[in-house]
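One structure below.
4 protein chains.
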Amino acid sequence: MTKAYQANYNLTMESKNKPDGQKALSFIEATRRAQIIACAIETIATLGYAQASVVQIAKRAGTSKGVVFYHFTDKETLIEQVVNEVYSSGTQYMEPRIKAQTTAVEMLKTYIQTNLEFIGSHRMYARAIAEIMANYRTEGGKLRYDVVAEEPVRAIPEMILRKGQRDGLFKAFDPFVMAVTLRRAIDAVPAMLEAYPELDLDAYTQELITIFDQATRKN
Amino acid sequence: MTKAYQANYNLTMESKNKPDGQKALSFIEATRRAQIIACAIETIATLGYAQASVVQIAKRAGTSKGVVFYHFTDKETLIEQVVNEVYSSGTQYMEPRIKAQTTAVEMLKTYIQTNLEFIGSHRMYARAIAEIMANYRTEGGKLRYDVVAEEPVRAIPEMILRKGQRDGLFKAFDPFVMAVTLRRAIDAVPAMLEAYPELDLDAYTQELITIFDQATRKN
Amino acid sequence: MTKAYQANYNLTMESKNKPDGQKALSFIEATRRAQIIACAIETIATLGYAQASVVQIAKRAGTSKGVVFYHFTDKETLIEQVVNEVYSSGTQYMEPRIKAQTTAVEMLKTYIQTNLEFIGSHRMYARAIAEIMANYRTEGGKLRYDVVAEEPVRAIPEMILRKGQRDGLFKAFDPFVMAVTLRRAIDAVPAMLEAYPELDLDAYTQELITIFDQATRKN
Amino acid sequence: MTKAYQANYNLTMESKNKPDGQKALSFIEATRRAQIIACAIETIATLGYAQASVVQIAKRAGTSKGVVFYHFTDKETLIEQVVNEVYSSGTQYMEPRIKAQTTAVEMLKTYIQTNLEFIGSHRMYARAIAEIMANYRTEGGKLRYDVVAEEPVRAIPEMILRKGQRDGLFKAFDPFVMAVTLRRAIDAVPAMLEAYPELDLDAYTQELITIFDQATRKN
DNA sequence: TATGAATGAGTGTTCATTCAT
DNA sequence: AATGAATGAACACTCATTCAT
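Chains as they are written, first to last, in full-length UniProt numbering: chain A, 1 to 219; chain B, 1 to 219; chain C, 1 to 219; chain D, 1 to 219.
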């Protein structure tokens with residue numbers, strides 16, 4: 001959710017640093033890129049990672065493979081920019097709201113709340129990232145975004161949990177196990193929303209908040 | 001865990017109906033099938049769903065594609081039998097132990113305990129099923145084993161949770177949300193075991209039991 | 001002309017070592033392979049290395065890409081088997097005839113003679129190998145069959161030249177330069193035959209023999 | 001070395017005919033062209049003909065494909081200008097030095113000497129031209145610079161050889177075969193220099209001079 | 001004079017599946 | 001009961017070339 005996934009984001013933003021006068025062209029490129037990334041997200045979310053071929057992504061964008069490969073050297077780099085887009089926009093939404101809280105109890109609640117709010121308003125994003133996580137492998141065959149690579153994402157709730165224990169607000173438990181359980185509980189939601197469209201996200205959110213409140217808070 | 005995943009098991013057992021004199025072959029057939037299923041599990045668990053091509057599975061079984069297609073009409077039906085094998089052996093291990101408990105509190109504890117025991121002793125099974133769940137899609141592009149299809153699996157913990165509430169042992173909460181959360185907490189473990197080989201499964205199990213005990217039990 | 005190019009030849013000939021009873025199937029495979037190799041040679045010779053795509057080769061063989069890739073794991077291995085075929089059949093023709101000579105003078109003459117005879121009767125072979133030599137590159141971008149890799153081919157004339165000098169039949173000259181010059185003189189012929197179909201190969205051969213006789217023999 | 005390779009040189013020089021006021025631009029144009037041609041030579045020599053895509057050439061020139069296509073209508077015409085540049089600069093170096101000789105014996109020696117001097121001081125040129133010769137094909141699939149098209153290049157040594165025979169200095173031999181052999185002997189050198197960097201070009205030159213002296217001169 | 005954007009045909013390769021034996 | 005051979009659709013990727021600006 002932080003540095004690790006944002007590393008190469010700025011690499012493609014150099015054009016911003018160029019002197020004026022070229023913004024028009026640069027704008028076209030930025031637009032196209034954004035469009036293709038958006039279409040990639042949609043395609044992955046809808047058809048699944050395996051079926052999300054470059055042709056399919058291009059088709060959804062109303063163009064042909066060539067265009068995609070013109071803007072992204074690799075399918076790999078396209079996928080990475082998708083991951084980037086998802087994580088950076090998620091962080092942008094959640095981070096300030098969580099930082100505005102004072103106690104660990106409130107922070108944990110806000111973490112769950114904002115995360116599910118973001119998922120609710122970006123359903124494609126959540127499905128897409130889940131597909132990529134589960135399937136995107138390096139040449140060696142290992143999952144690129146496996147459980148270990150997810151550590152920076154887990155770091156935030158883990159930090160909150162540790163703070164709560166330090167401050168005497170939370171019980172004794174293994175913050176690692178709790179963080180893993182919490183993340184999975186949250187990650188389950190996108191699929192739920194898709195499968196049960198009538199599901200009340202707010203109610204679901206409150207239930208999750210209660211579950212983890214009761215599991216963590218000292219009484 | 002039950003009917004839903006066993007439905008098409010007998011469909012491929014036609015050989016049983018064949019006239020006499022072929023029972024020896026029928027045994028060979030059963031053996032081969034079991035072997036191929038086992039190799040499919042291994043391959044999917046090891047290489048991931050997308051890389052688990054029929055060639056790879058056959059190679060691991062020491063034969064060629066032809067053999068696989070002789071015993072399984074489709075790759076599809078092979079995968080389904082894999083799912084079957086995993087679920088039925090899981091159920092066989094867990095069910096009697098859970099039924100031996102009397103209170104919902106003990107049943108929930110035993111559910112978590114036996115499920116993680118089974119995962120611990122069948123790591124390939126767990127990885128394989130996770131891969132299949134996340135990737136196996138019907139021709140229409142929909143996930144074959146999605147959250148809806150998983151209902152029968154979720155039915156057991158949900159039943160336990162409902163019973164606990166009925167018996168006044170559990171607090172008020174949405175059993176659906178709790179069951180989903182619990183299942184995801186359990187499903188997270190295989191990947192954890194693979195990524196962190198030094199992880200203490202027993203301790204992890206106890207943490208999970210405590211988390212869900214505190215989230216559910218009336219105090 | 002020897003070991004270096006024959007190394008992996010036998011790798012694909014294992015079927016020969018198998019017990020009887022399977023020769024029929026093995027025969028089909030061997031036939032197809034031979035046919036595809038022959039078509040590859042023709043295609044490369046006719047269209048040039050760059051245009052000799054797998055589709056083109058398959059087309060000339062009257063099948064589709066799939067068949068080619070069924071019999072050869074790679075385009076790379078196909079090309080290597082082409083090189084193999086060309087060199088081994090060339091050696092098979094030339095070697096015994098050269099060994100039948102006694103003096104270096106006669107051996108050199110026979111070397112030129114038999115090599116051009118072979119080229120004359122296998123024009124496609126010669127063109128194909130020239131194309132491959134000039135264009136087949138490894139992943140690193142280096143020519144796979146470059147001037148250094150050609151050393152074993154050059155070794156034979158060089159040996160003859162050294163023997164002639166040792167025996168006092170040849171003058172003093174650098175056998176390396178002479179061998180390179182001789183090989184290029186021979187390698188020039190296939191293109192000549194193609195460009196000037198009316199060219200008298202026997203006469204050309206005699207001219208070459210005379211040139212190198214005068215350049216080498218002590219008088 | 002003469003007409004044949006210079007034919008289309010002026011075709012692309014139309015800018016000269018443009019009305020005044022643009023001479024500055026014309027100069028820029030000439031500079032750009034020369035630069036791109038130089039980069040094309042480098043690229044072809046370094047990466048090989050097949051890998052020398054327009055993108056690669058443009059990259060080496062520090063610009064983009066567009067620029068290349070602005071100055072050269074085709075990749076084809078670019079390649080032809082490369083050939084032109086190489087041959088005309090080669091001729092410029094060799095011709096006056098050869099003409100300064102009086103006897104055919106000295107002319108032949110000078111021909112070999114100056115050609116190898118030029119190759120030694122223009123290694124990229126030599127590699128590039130070899131790559132183009134071996135690979136550049138017309139739409140029909142025929143080699144553009146094949147053995148027939150090379151006739152004007154061979155014309156010079158052939159003329160020298162004929163003169164030598166006429167003047168009674170050279171033996172009887174087929175000037176065509178001798179010229180072909182000589183050209184190939186010289187054309188072999190660039191690859192040798194690249195593969196064996198420690199090779200002594202002067203010594204190699206003397207060896208070649210001796211070989212062809214002994215093969216041609218009456219004694 | 002220059003170039004960013006787009007395109008479409010082509011490349012090598014993989015894979016589930018079929019079929020004759 | 002088994003399998004070697006074949007197939008065709010799909011995939012990621014490259015490239016010369018065009019075009020509007």
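Heads up, the beta-carbon is just placed ideally off N, CA and C, and yes, glycines get one too.
Check: Please name the residues in the UniProt domain "HTH tetR-type" (30-90) of chain C whose beta-carbon is closer than 7 Å to at least one beta-carbon of chain D, in chain order.; Outcome: L47, G48, A50, Q51
Check: Hey, does T138 (chain D) have any beta-carbon neighbour from chain C nearer than 8 Å?; Outcome: no
Check: Rank D:H71, D:A38, D:T138 by C-alpha distance to the C-alpha of R60 (chain D) and give the top, closest one.; Outcome: D:A38
Check: Any beta-carbon of chain C closer than 8 Å to the one on E207 (chain D)?; Outcome: yes
Check: Quick one: what's F170 (chain D) bridged to in DSSP?; Outcome: D:R217
Check: Find the residues of chain A that neighbour G141 (chain B), judging by a C-beta separation of less than 9 Å, and give them in chain order.; Outcome: T46, L47, G48, Q51
Check: At the level of alpha carbons, what is the spacing between I41 (chain D) and F118 (chain D)?; Outcome: 15 Å
Check: Can you pull the chain A neighbours of Q101 (chain B), defined as C-beta to C-beta under 8 Å?; Outcome: Near Q101 (chain B) there are no residues of chain A at all, since even the closest Cβ is about 22 Å away, more than 8 Å.
Check: Which stretch, first to last residue, makes up the alpha helix (DSSP H) that contains R127 (chain B)?; Outcome: 123-135
Check: Helix, strand or coil for L182 (chain C)? Go by DSSP, reduced to three states.; Outcome: helix
Check: List, in order along the chain, the chain D residues whose C-beta lies closer than 7 Å to that of M107 (chain C)?; Outcome: Going along chain D, no residue has its Cβ under 7 Å from M107 (chain C), so there is no contact; the nearest lies around 19 Å.
Check: Only counting the same chain, and skipping five residues up and downstream in sequence, which positions put a Cβ closer than 8 Å to that of Y204 (chain A)?; Outcome: L116, V189, M192
Check: Would you be able to state if there are at least three C-beta pairs under 8 Å between the stretch 205-218 of chain D and the stretch 208-215 of chain C?; Outcome: yes
Check: My parser needs the alpha helix (DSSP H) runs of 4 or more residues fully inside the stretch 40-121 of chain A; what are they?; Outcome: 54-60, 65-71, 75-99, 104-121
Check: Would you please verify whether the beta carbon of V147 (chain C) is less than 8 Å from any beta carbon of chain D?; Outcome: yes
Check: Can you name, in chain order, every residue of its own chain whose Cβ lies under 8 Å from the Cβ of G48 (chain B), other than the five neighbours on each side?; Outcome: E131
Check: For T46 (chain D), tell me which candidate among C:R137, C:R97, C:S64 has the shortest Cα-Cα distance.; Outcome: C:R137
Check: Anything in chain A within Cβ reach of V177 (chain B), meaning under 8 Å, just list it in chain order.; Outcome: Y204, E207, L208, I211
Check: So for L208 (chain B), helix, strand or coil by DSSP?; Outcome: helix
Check: So, at 7 Å on beta carbons, what are the nonlocal neighbours of T110 (chain D) in its own chain, with the 5 sequence-adjacent residues on each side left out?; Outcome: R97, I98, Q101
Check: If you run the structure through DSSP and keep just helix, strand and coil, what is L199 (chain C)?; Outcome: coil
Check: Does the distance from the C-beta atom of V68 (chain B) to that of I36 (chain B) stay below 8 Å?; Outcome: yes
Check: Does the beta carbon of F118 (chain D) sit closer than 8 Å to a beta carbon anywhere in chain C?; Outcome: no
Check: Looking only at its own chain, which residues have a Cβ that is under 6 Å from the Cβ of L201 (chain D), when we skip the five neighbours before and after it?; Outcome: G120
Check: With a threshold of 8 Å between beta-carbons, can V153 (chain D) be considered close to chain C, or not?; Outcome: no
Check: Using only the alpha-carbon positions, how far apart do R123 (chain A) and E76 (chain C) sit?; Outcome: 46 Å
Check: If we cut at 8 Å on Cβ distances, does R144 (chain B) have a partner in chain A?; Outcome: no
Check: Within the same chain, show all residues whose beta-carbon is closer than 6 Å to that of G90 (chain D), passing over the 5 residues directly before and after it, in chain order.; Outcome: F118
Check: For a contact meaning CB atoms closer than 7 Å, what does Q214 (chain D) contact in chain C?; Outcome: Q214, A215
Check: Compare the C-alpha of L169 (chain A) against each of A:T43, A:Q81, A:R217 and name the closest.; Outcome: A:R217
Check: Out of A:E194, A:R154, A:I79, A:I112, point me to the one whose CA is closest to Y93 (chain A)'s CA.; Outcome: A:I112
Check: If you run the structure through DSSP and keep just helix, strand and coil, what is P175 (chain B)?; Outcome: helix
Check: Would T73 (chain C) be called buried (16 or more neighbouring beta carbons within 10 Å of its own) or exposed?; Outcome: exposed
Check: List the residues that DSSP assigns as beta-bridge partners of L143 (chain B).; Outcome: B:R137
Check: Is the shortest distance between the beta-carbon of M192 (chain A) and the beta-carbons of chain B less than 8 Å?; Outcome: yes
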